[in-house]
Amino acid sequence: MNLHEFQAKRLFAEHGIPIPRGEVAYTPGEARRIAQDLGGKAVVKAQVLIGGRGKAGGIKVAQSPDEAEANAKAILGMHIKGFTVNKVLVDSLAPGIKQELYLAVLIDRGQRRPMIMASAAGGMDIEEVADKTPEKIHTVHIDPVLGVRSYHTTYLAKGMGLPRELWGDFNKIVSGLYECFKTNDASLTEINPLIITGEDKLMALDGKMSIDDNALSRHPQLAEMRDFEEEPPTEAEAREAGLTFIQLDGNIGCMVNGAGLAMATMDIIKLYGGEPANFLDIGGGARADQVATALKLILSDPKVEAVLFNIFGGITRGDEVARGILTALGQIDTDVPMVVRLAGTNAKEGLALLAEADMMTAATLSEAAQKAVAAKSARESGRAS
Amino acid sequence: MSILVDKNTRLLVQGITGREGTFHTNQMIAFGTNVVGGVVPGKGGQNFDGEKGPVPIFDTVRKAAEETGANATIIFVPAKFAPDAMYEAADAGLPLIVCLTEHIPVLEMISVRAYLDQRDSRLIGPNCPGLITPGEAKLGIIPGSIVKPGHVGVVSRSGTLTYEVVYALTQRGIGQSTCVGIGGDPIKGLDFIEVLELFEADPDTSEVIMIGEIGGNAEEKAAAYIAQNMTKRVTSFIAGRSAPPGRRMGHAGAIVEGKSGTAEGKIAALEAAGVQVADNPDRIVDMIA
């Protein structure tokens, strides 16, 4: 789960990291009042769960409360890469920016450890820095038993060429960011930029944070931070039902058990000339009611011209899935053609149940994909004529 | 011959009385696995009503291992208790630990793996379907009905996609030596390389199928290993060619992984290592038949 900038920075501040004063506004009037409280000058920043806000015009500096109000009016409602802005962070202006640094904690899968990454070349183009001048990125791996030690941060500070008088504060910020990462079960904590202010202090101007979804159950206060407005309603409904659903641009809906098989099914639809409308993993041991919810989600997309079910029973039982499909069809009126491929546990029983429902069946995944693509094309040309 | 599990495997089941534990213990017994005991704290002294007779339950893994001479354990407990179950099994010195549990937090797995690295135990999983040696034993949930004894080794990061490929092999009359589901979590026990190494050394495995998916760089690393060390043929499928790029937050992931992690990158790395990569899991079988 990704957090908003304002949420991430508040968590950073709890771990002793200096951040600008600021508050969240949902209306231009609120932005004006906050700017007033901050002494007039402020920066108004779109709060959306996607990068590239600055380049999209979602960050604007205001010299007065009037201007803050105008900025908020311009930014609220803006669309950034498919996300609508419905709140802004109004932050006090940093007292000058001498330098922009980069600092992050993340998990290095290969080394199986948390890793701290820092660079003196922070700011918007950090990925390009990493690509073209990797020597400007400094890293240390952290042993979970040891945690961050002062020599780790000295190594980073020295590598970055940070002025010596800032090493002490830098050490506190690195340790704080690692603690914030660890105590919140984050998969990423990132400060970009970490600035050296005109008064020669370090400050986290922006913040990003992702929480390990598997750890949310032990952090109820973080689970409450989920921004439901930022999530497509179908994806939220799927999550509630214990399904993983991602809407895509194609027109062949698919329902599969297991993420790897779901991806393979999408790949094969594409191989036979179709485009998947979604990724949908019903998981292991899905019950009939979950299957029914899943089918309703797929059919709620008006683009869908055909549906492909690919279920390889292990923990999941074919008859249970078949019952779910029949339940859903009893509740929805649809003429979208459907192709079912069931294999593994109780596949025979499932296919017997579906035989009554006039559905196409297939023995292999390739056959199922070909039938679904053909059914989609037939429906499209039927409508055209 | 086979790798990791065979007729001599003496298995403990941690969480034998739970819903999944009960069902799959009986499935494993029906397949022929020698389940010698169960572990459920507080239920020591009772018996599990197994398909082929009672299975004794113990309070601790140590006691169970001492009493039964177990040499492997499988974990069917919820995510909240699974790290403790793995620590306990490693602490008791069991050489093979299989953990099926999904949704274990990554930071927990970092600690578990660091601890296991100091012990002699091998871990498969977590979040995996387990492993199966056709005709001998299965540890986990891979359906016994879809396998057939033979000489193709299968290693996979996915669960049901593995079934798909194994089933296709069996239908064409091609048997398997051992099928290993290593699981899809970022931090886990055995990875592709360790399993490939075991298959390379196993005289009964003649060639290997490796099933990967997008994300991470385990397939790229495996490709480098194959180029250097494998004499046996490896054939592969990578799921996720059609997946849209993720909504990535921040820059850290991109900086670390660069261009690796995509299906294209993985397929290119494998092909450069001489591995044939199928564009459809059904076609893997044509490639090796």
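Line by line, the protein sequences give chains Y and U.
-5 is the number of the first residue of the first sequence in this note's numbering; add one for each residue after it.
12 is the number of the first residue of the second sequence in this note's numbering; add one for each residue after it.
Every residue gets a Cβ at the ideal spot worked out from N, C-alpha and C, and that includes glycine.
Look up Y/G376 in the DSSP assignment and say whether it is helix, strand or coil.
Three-state result, Y/G376: helix.
Check the C-beta distance from U/A250 over to U/E224 and give it rounded, since I have them as a contact under 8 angstroms.
Contact flag correct, Cβ pair sits at about 4 angstroms.
Comparing C-alpha positions only, which one of Y/F77, Y/G116, Y/E361, Y/K297 sits nearest to Y/L199?
Here the closest residue by C-alpha is Y/G116.
Whose C-beta lies closer than 8 angstroms to the C-beta of Y/V79 among residues of the same chain, with five residues either side of it excluded?
Here the set comprises A40, Q41, V42, G52, I69, L70, G71, M72, H73.
Going along chain U, which residues have a C-beta under 7 angstroms from Y/S360?
Result: N291, D293.
Within 10 angstroms of its Cβ, does U/R258 collect 16 or more other Cβ (buried), or is it exposed?
Note on U/R258: pLDDT 47, under 50, position unreliable in the model; no value is reported.
Grouping DSSP H, G and I as helix and E and B as strand, with all else coil, what is U/S247?
DSSP places U/S247 in strand when its eight states are reduced to three.
When burial is assigned at 16 or more other CB atoms within 10 Å of the CB, is Y/L237 buried or exposed?
Buried, by the Cβ-count rule.
Use the C-beta contact count for Y/V55: other C-beta atoms within 10 angstroms, 16 or more gives buried, fewer gives exposed.
Result: exposed.
What does U/G43 touch in chain Y if you count any residue whose Cβ is under 9 angstroms from its own?
Those within 9 angstroms of U/G43 in chain Y number zero; the least Cβ separation is about 18 angstroms.
If you draw a straight line from the alpha carbon of U/Y126 to that of Y/G48, how long is it in whole angstroms?
When rounded, the distance between both Cα atoms is 44 angstroms.
Among the residues of its own chain, which have a CB less than 8 angstroms from the CB of U/R21, if the five just before and after it don't count?
So the list reads N45, V47, T79, G80, A81, N82, A83, once near-sequence residues are dropped.
At which residues does the alpha helix (DSSP H) containing U/V123 begin and terminate?
Its alpha helix (DSSP H) spans residues 117 to 127.
So, for Y/A124: in the same chain, excluding its five sequence neighbours on each side, which residues have a beta-carbon less than 7 angstroms away from its beta-carbon?
Excluding residues within five positions, the ones whose Cβ falls inside 7 angstroms are I131.
Reducing DSSP to helix, strand and coil, say where Y/A25 ends up.
Helix.
Quick check on the burial criterion: 16 or more other C-beta atoms within 10 angstroms. Buried or exposed for U/S13?
So U/S13 counts as buried.
With DSSP as the reference, label U/I143 as helix, strand or coil.
Three-state result, U/I143: strand.
Taking all protein chains shown into account, decide if Y/S169 is buried (16 or more other Cβ within 10 angstroms of its Cβ) or exposed.
It counts as buried.
What beta strand (DSSP E) runs, 3 residues minimum, are completely inside the stretch 176 to 253 of chain U?
Listed in chain order, the complete beta strand (DSSP E) runs (minimum 3 residues) inside the stretch 176 to 253 of chain U are 187 to 192, 218 to 224, 244 to 250.
Given that a residue counts as buried once 16 or more other Cβ atoms are within 10 Å of its Cβ, and exposed if not, what is U/Q129?
Answer is exposed; the Cβ neighbour count stays below 16.
Is the CB of Y/N208 under 8 angstroms away from at least one CB in chain U?
True, the Cβ-Cβ gap to chain U drops below 8 angstroms.
Would a check of beta-carbon distances place Y/D313 closer than 8 angstroms to chain U?
It does not: the Cβ of Y/D313 has no partner Cβ on chain U nearer than 8 angstroms.
In the DSSP output, what is Y/M72 paired with across the bridge?
Answer is none; Y/M72 lacks a bridge partner.
Which value, in whole angstroms, describes the spacing of the CA atoms of Y/A62 and Y/P14?
Roughly 16 angstroms separates the two Cα atoms.
Which value, in whole angstroms, describes the spacing of the CA atoms of Y/F273 and Y/V250?
Going from the Cα of Y/F273 to the Cα of Y/V250 covers about 8 angstroms.
Using only the alpha-carbon positions, how far apart do U/K63 and Y/K370 sit?
Their backbone Cα atoms lie some 50 angstroms apart in a straight line.
Excluding the five sequence neighbours on either side, which residues of its own chain have a C-beta within less than 7 angstroms of the C-beta of U/R294, listed in chain order?
Cβ neighbours of U/R294 beyond the five flanking positions: none.
Going by beta-carbon coordinates alone, are Y/L323 and Y/L347 separated by less than 8 angstroms?
No, the pair does not count as a contact, with Cβ atoms beyond the cut-off.
Residues of chain U with CB closer than 9 angstroms to the CB of Y/A50, please, in chain order.
None at all; the shortest Cβ gap to chain U is about 15 angstroms.
Is the CB of Y/A271 under 8 angstroms away from at least one CB in chain U?
Closer than 8 angstroms: no.
Can you tell me whether DSSP reads U/R258 as helix, strand or coil?
Unreliable placement is indicated for U/R258, whose pLDDT of 47 sits below 50; no coordinate value is reported for it.
If you check the beta carbons only, do Y/A356 and Y/A362 fall under 8 angstroms apart?
Contact flag set, yes.
For U/N228, return the contacting residues in chain Y, with the cut-off set at a CB-CB distance below 7 angstroms.
Here the neighbours are G104.
What span of residues does the alpha helix (DSSP H) with U/G23 cover, start to end?
Checking the sequence, you will find Leu at residue 23 of chain U rather than Gly. From DSSP, U/L23 is part of no alpha helix (DSSP H) but of the beta strand (DSSP E) over 21 to 25.
Assign Y/F164 to one of two classes, buried (16 or more other C-beta atoms within 10 Å of its C-beta) or exposed (fewer than that).
With 16 or more Cβ atoms within 10 Å of its Cβ, Y/F164 is classed as buried.
Using 8 angstroms for Cβ pairs, my map puts Y/M197 next to Y/A88. What's the rounded Cβ distance?
Right, the Cβ-Cβ distance comes to about 6 angstroms (below 8 angstroms), so this counts as a contact.
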